[in-house]
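Residue numbers (this note's numbering): 38 to 513. Even for Gly, the Cβ is constructed at its ideal location relative to N, Cα and C. A short write-up of the structure that comes next.
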């Protein structure tokens with residue numbers, strides 16, 4: 038009997054690192070590990086990249102397979118700005134995707150090129166989430182730190198380089214920086230924000246090998262290392278996603294995306310025109326406030342997150358960290374329509390509704406941006422930490438009017454990374470590995486009539502409250 042072949046996939050996310058050891062032939066998870074991260078509070082959102090490295094070592098050790106895995110791949114939170122000195126050590130904590138302090142720089146970059154031109158060049162109109170705006174913020178606000186920078190990396194690049202010694206990235210995660218397009222790094226954008234392209238990693242083609250694990254690392258020396266990718270792209274791999282199949286992911290952030298046949302370029306900025314990890318495209322809309330914001334409302338009213346009630350007319354815009362979709366980086370949470378008879382459960386349900394509405398409103402735009410005609414009969418794949426919550430499931434069913442499928446497989450980002458690692462050994466495309474592992478299978482929840490009254494109430498409230506949520510130019 039042949040020895041079991043194992044690949045490890047790593048998900049280095051905002052809150053923690055998760056690692057899955059997977060049997061390459063069957064897709065069976067044979068070990069898993071987790072280690073927490075710390076994120077700063079206050080005006081910004083920052084993390085020390087060194088803690089990601091320590092967490093990676095702890096998580097892969099807890100799989101029990103670190104010493105025998107034949108291949109590994111690392112998926113990471115998108116957009117984060119990691120700045121390294123000449124010794125490869127962080128100059129300062131990484132600026133995370135949900136740090137919105139660079140909103141003025143996003144506006145300046147868009148004004149300099151025009152929204153349509155940036156969408157044409159890079160696929161996206163940058164918001165405060167994008168890496169390009171964070172570098173521009175650093176240049177303005179921490180010039181001494183910026184002057185010490187010898188290398189700029191994304192979170193998954195930093196970890197891959199530590200393992201292999203190779204300064205590389207992949208096209209998918211690079212597409213979320215705001216300075217990469219199909220022809221490579223955009224030197225005009227880089228020039229505008231004052232970033233030397235020599236500080237950036239090489240962009241490897243899909244399916245390439247980043248290198249091998251060096252001696253003294255948390256994994257077996259000589260194990261193959263895939264390019265890695267961004268977390269949303271890894272989840273798409275983990276599902277074995279085919280074109281036009283919509284996904285809604287409920288995590289710290291909320292995302293809705295689909296594999297597209299054509300390159301997106303949405304000048305409105307609603308849809309980010311990301312590349313996928315296979316050579317295609319992954320149009321995506323993202324919100325900053327999702328499960329954590331809803332849980333915060335549950336804590337504020339003192340009830341469990343599942344104790345929702347229907348009825349009432351209260352509207353919650355749960356923009357506790359500012360917001361990206363709609364693009365309101367200076368926004369705060371807003372409650373409208375509160376009455377004497379509003380119950381805590383109704384207020385909590387309104388928070389769920391407000392978080393889900395922005396994602397569902399962008400769904401058809403996402404599909405069209407990738408060259409797909411919206412197909413309302415196609416079940417919506419519901420993934421992420423919130424996907425198994427009954428209140429989340431019922432909310433998405435009610436506000437989408439679609440059937441919803443909840444895959445049985447968990448930790449799809451790490452599973453997608455494992456599929457990418459396995460593909461180095463089998464020669465298959467990574468999504469074909471995931472389909473062979475049957476990762477997307479799960480219960481289908483039948484559709485219910487769409488709650489258009491609630492959707493219109495939220496849309497109307499947002500329209501009328503927008504002036505309150507905009508940050509006046511003098512206060513930026």
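Three-way DSSP call (helix, strand, coil) for residue i in this model
i           : result
residue 110 : strand
residue 34  : This structure gives no information on residue 34, because the portion of the chain shown stretches from 38 to 513.
residue 431 : helix
residue 94  : helix
residue 179 : coil
residue 80  : coil
residue 144 : helix
residue 149 : helix
residue 161 : coil
residue 44  : strand
residue 354 : strand
residue 154 : helix
residue 437 : helix
residue 132 : strand
residue 510 : In this prediction, residue 510 scores a pLDDT of 45, lower than 50, which makes its location untrustworthy; the coordinate-derived value is nonetheless stated afterwards. Residue 510: helix per DSSP, three-state reduction.
residue 343 : coil
residue 424 : coil
residue 73  : strand
Beta carbon of residue i nearer than 8 Å to that of residue j
i           : j           : result
residue 420 : residue 284 : yes
residue 366 : residue 140 : yes
residue 372 : residue 345 : no
residue 223 : residue 158 : yes
residue 515 : residue 132 : Within the shown structure, residues of the chain are numbered from 38 to 513, placing residue 515 beyond reach of any answer.
residue 423 : residue 445 : no
residue 59  : residue 43  : yes
residue 325 : residue 477 : no
residue 318 : residue 310 : yes
residue 474 : residue 64  : yes
residue 244 : residue 460 : yes
residue 189 : residue 155 : no
residue 408 : residue 296 : no
residue 197 : residue 265 : yes
residue 93  : residue 192 : no
Identity of the residues DSSP links to residue i by a beta bridge
i           : result
residue 171 : Paired residues: none, contrary to the question.
residue 68  : 58
residue 188 : 121
Per-residue burial, residue i [other beta carbons within 10 Å of its own, 16 or more giving buried]
i           : result
residue 239 : exposed
residue 84  : buried
residue 339 : exposed
residue 425 : exposed
residue 185 : exposed
residue 66  : buried
Residue-chain proximity (residue i, chain E), Cβ-Cβ < 8 Å
i           : result
residue 264 : Here chain E cannot be found, since the structure has a single protein chain.
In chain order, each beta strand (DSSP E) run of at least 3 residues that lies wholly inside the segment 439-501 = Within the segment 439-501, the beta strand (DSSP E) runs of at least 3 residues that lie entirely inside it are, in chain order, 441-444, 479-482.
Mind pulling the alpha helix (DSSP H) runs of 4 or more residues that sit fully within the segment 191-278?
-> 192-201, 208-211, 224-230, 268-275
Along the chain, which unbroken stretches of the beta strand (DSSP E) at least 3 residues long are found entirely within the segment 274-341?
-> 284-287, 291-294, 309-312, 318-324
Could you name each continuous beta strand (DSSP E) segment of 3 residues or more that falls completely within the segment 365-407, going from the start of the chain to the end?
-> 371-373
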